[in-house]
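A.B. asks: Take any residue in the sequence shown, count from 1 to its spot, add 80: that is its number in our numbering. Beta carbons are placed, not taken as given, at the ideal position from N, Cα and C, and that holds for glycine. Please read all numbers here as calculations on a predicted model, not as lab measurements.
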Amino acid sequence: MDLFTIENLLTLMMLTLLQAVLGFDNLLYISLESQRVEKSKQAKLRKLGIGLAVVLRLVLLFALMKLISYFQNPFFAFNWQGVAEGHFNVHSLIVLLGGVFIMYTAMKEIWHMLSLEDTMHEKSQPQSFNKVLTMVVIMNLVFSFDSILSAMALTDSYVVMAVAILISSALMIWMADSVAEFLQKNRMYEVLGLFVLFIVGIMLISEGGHMAHLKFFNLPITAMSKTTFYFILSILVIVEIVQSKYSKKLSRLKMEEHQD
Numbered sequence: 081m082d083l084f085t086i087e088n089l090l091t092l093m094m095l096t097l098l099q100a101v102l103g104f105d106n107l108l109y110i111s112l113e114s115q116r117v118e119k120s121k122q123a124k125l126r127k128l129g130i131g132l133a134v135v136l137r138l139v140l141l142f143a144l145m146k147l148i149s150y151f152q153n154p155f156f157a158f159n160w161q162g163v164a165e166g167h168f169n170v171h172s173l174i175v176l177l178g179g180v181f182i183m184y185t186a187m188k189e190i191w192h193m194l195s196l197e198d199t200m201h202e203k204s205q206p207q208s209f210n211k212v213l214t215m216v217v218i219m220n221l222v223f224s225f226d227s228i229l230s231a232m233a234l235t236d237s238y239v240v241m242a243v244a245i246l247i248s249s250a251l252m253i254w255m256a257d258s259v260a261e262f263l264q265k266n267r268m269y270e271v272l273g274l275f276v277l278f279i280v281g282i283m284l285i286s287e288g289g290h291m292a293h294l295k296f297f298n299l300p301i302t303a304m305s306k307t308t309f310y311f312i313l314s315i316l317v318i319v320e321i322v323q324s325k326y327s328k329k330l331s332r333l334k335m336e337e338h339q340d
């Protein structure tokens, strides 16, 4: 019943908005990954992947509230004087490895796009449904760490955070098919999406490095802020739109020249 206090309702609205904003890159990843399986199974994979991740996210939320100190306490450190140093905990390692994997995935897909033969081969042989589903769930959990820790900074009510997660996840399920359909109809934006994922990987690596107090040649790693990320995203979208319009204009002018 504590959920229905004015304070908790306002917090719930803020958390739902926060979860939705932070879940954008997660939704983009799921939409791109779902294209690896047979077309008839893509919608099922998106919904099932998000649904399973919701359950695991609620479990993760409960575990973090009980075991937060274990995730934050350093358990490994190195100090190469004047070259590199860092102090790692479970949280920083998960974020770092998640960032590395996302960058690897984005670059691999971009490389395949540059090779027509590889792209055709990839499309003719869909990957295992269970394999892609497993990767979607795992990466969803990696994305979950930041959103859950951000939520814990606003409230200590498990019920409020759980409801916010359920609402935002329902929005993701509702939007997943629309985002995937848009990417399939506008293939040029798929390249944009992969570069956005690449930047997400950089953001996670910088965040994990900042949490681990990583330094190279006495220069500390600084976390990329969400503001910077969305600014870069906006610039990429604007460039893509302008370039698309300019390419269509050039094509139209060439057709008119040939007709003349």
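Can you tell me where the beta strand (DSSP E) with A157 in it begins and where it stops?
C.D. replies: Here residue 157 corresponds to residue number 77 of the sequence shown, with the count starting at 1. Where A157 is concerned, the enclosing beta strand (DSSP E) stretches over F156 to W160.
A.B. asks: Please name the residue or residues paired with L299 in a DSSP beta bridge.
C.D. replies: Position 219 of the sequence shown, counting from 1, holds the residue named residue 299. L299 is bridged to F296.
A.B. asks: Okay, do the segment 154–168 and the segment 264–281 touch, 3+ Cβ pairs below 8 Å being the bar?
C.D. replies: Contact fails: fewer than three Cβ-Cβ distances are below 8 Å.
A.B. asks: Whose C-beta lies closer than 7 Å to the C-beta of K211 among residues of the same chain, with five residues either side of it excluded?
C.D. replies: Numbered from 1 along the sequence shown, position 131 holds the residue referred to as residue 211. Counting only Cβ-Cβ distances below 7 Å, and skipping sequence neighbours, we find nothing.
A.B. asks: Using only CA atoms, which one of T302, E287, L294 and M283 lies nearest to I312?
C.D. replies: In the sequence shown, residue 312 corresponds to position 232, counting from 1. For the residues T302, E287, L294 and M283, the minimum Cα distance to I312 belongs to M283.
A.B. asks: Identify whether K334 lies in helix, strand or coil by the three-state DSSP scheme.
C.D. replies: Reading the sequence shown from its first residue, position 254 is the one you call residue 334. It is helical.
A.B. asks: Tell me which residues share the same chain as F181 and place their Cβ nearer than 6 Å to its Cβ, disregarding the 5 neighbours each side in the sequence.
C.D. replies: For the purposes of this step, residue 181 is taken as the residue at position 101 of the sequence shown. Answer for F181: no residue qualifies.
A.B. asks: For the segment 330–337 against the segment 277–296, are there 3 or more C-beta pairs whose distance is under 8 Å?
C.D. replies: At 8 Å Cβ cutoff, the stretches do not touch.
A.B. asks: Where do the ends of the beta strand (DSSP E) carrying E165 lie?
C.D. replies: Here residue 165 refers to the residue found at position 85 when the sequence shown is read from its first residue. Where E165 is concerned, the enclosing beta strand (DSSP E) stretches over A164 to F168.
A.B. asks: CA-CA distance, V163 and T302?
C.D. replies: Here the question's residue 163 lines up with position 83 in the sequence shown. Here the question's residue 302 lines up with position 222 in the sequence shown. Using only the alpha carbons, I get a separation of about 17 Å.
A.B. asks: Once you ignore the five residues that flank I174 on each side, which residues in its own chain have a CB closer than 7 Å to its CB?
C.D. replies: Stepping through the sequence shown from its first residue, residue 174 is reached at position 94. Only V222 and F225 meet the Cβ criterion.
A.B. asks: Leaving out five residues on either side along the sequence, give the residues of the same chain with a beta carbon under 7 Å from the beta carbon of H290.
C.D. replies: Translated into the one-based positions of the sequence shown, residue 290 becomes position 210. Hits under 7 Å: I301, T302 and A303.
A.B. asks: For E189, is the classification buried or exposed, using 16 other Cβ atoms within 10 angstroms of its Cβ as the cut-off for buried?
C.D. replies: As a first step, residue 189 must be located in the sequence shown, where it is residue number 109. Flag for E189 reads buried.
A.B. asks: Reducing DSSP to helix, strand and coil, say where V212 ends up.
C.D. replies: Against the sequence shown, residue 212 aligns to sequence position 132. In this structure, V212 counts as helix in the three-state DSSP scheme.
A.B. asks: Which residue wins for smallest C-alpha separation from A244, given the options G129, E165 and R137?
C.D. replies: Numbered from 1 along the sequence shown, position 164 holds the residue referred to as residue 244. That would be R137, whose Cα lies nearest to the Cα of A244.
A.B. asks: M283 by DSSP, collapsed to three states: which one?
C.D. replies: Locating residue 283 in the sequence shown gives position 203, where the first residue counts as 1. Reduced to three states, the DSSP call for M283 is helix.
A.B. asks: Helix, strand or coil, according to DSSP, for L92 in the structure here?
C.D. replies: As a position in the sequence shown, residue 92 is number 12, starting the count at 1. Three-state result, L92: helix.
A.B. asks: Check this for me: beta carbons of A292 and F168, under 8 Å apart or not?
C.D. replies: On the sequence shown, residue 292 is found 212 positions in, with the first residue counted as 1. On the sequence shown, residue 168 is found 88 positions in, with the first residue counted as 1. Yes, Cβ-Cβ distance for A292 and F168 is below 8 Å.
A.B. asks: Run the CB neighbour count on L108, radius 10 Å, all protein chains shown included, and call it buried at 16 or more, exposed below.
C.D. replies: As a first step, residue 108 must be located in the sequence shown, where it is residue number 28. Flag for L108 reads buried.
A.B. asks: List the whole-angstrom C-beta distance separating V139 from S249, where the pair is believed to meet the contact cut-off of C-beta under 8 Å.
C.D. replies: Residue 139 sits at position 59 when you count from the first residue of the sequence shown. Residue 249 sits at position 169 when you count from the first residue of the sequence shown. Not confirmed; about 14 Å, so no contact.
A.B. asks: Could you give the DSSP three-state label for N220: helix, strand or coil?
C.D. replies: Along the sequence shown, one-based indexing puts residue 220 at 140. Of the three classes helix, strand and coil, the one that applies to N220 here is helix, per DSSP.
A.B. asks: I'd like to check one pair, V217 with L129: are the Cβ atoms closer than 8 Å?
C.D. replies: Position 49 of the sequence shown, counting from 1, holds the residue named residue 129. Position 137 of the sequence shown, counting from 1, holds the residue named residue 217. Here the sequence assigns Gly to residue 129, which means Leu is not the residue at that position. Cβ distance < 8 Å, so G129 and V217 count as in contact.
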